[in-house]
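Notes to accompany the following structure.
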Amino acid sequence: TNGLADAESLLDMAVEEDDEGTVQEIEADLENLDKELEKLEFRRM
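Be aware that the sequence shown starts at 712, since it is given in the numbering used here, and climbs by one per residue.
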């Protein structure tokens, strides 16, 4: 969850500063977090 909170804060700042590069990096980070979550959910089965 720390990763999500960090991503949210960074995204807010990037949008305010109109920083497209950072927005793209955050999107990639969120995709990686989503993949990790899927792996954890699969292990629970």
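Ideal placement from N, C-alpha and C gives every residue a C-beta, glycine not left out.
In the three-state scheme derived from DSSP, where H, G and I count as helix and E and B as strand, Glu747 is classed as helix. Counting along the chain, Met724 sits inside the alpha helix (DSSP H) bounded by residues Asn713 to Glu727. In the displayed model, Asp740 falls within a helix according to three-state DSSP. In terms of Cβ geometry, Ala725 and Asp740 do not form a close pair [threshold 8 Å].
Nearest to Asn713 by C-alpha distance, out of Val734, Leu744, Asp730 and Asp729, is Leu744.
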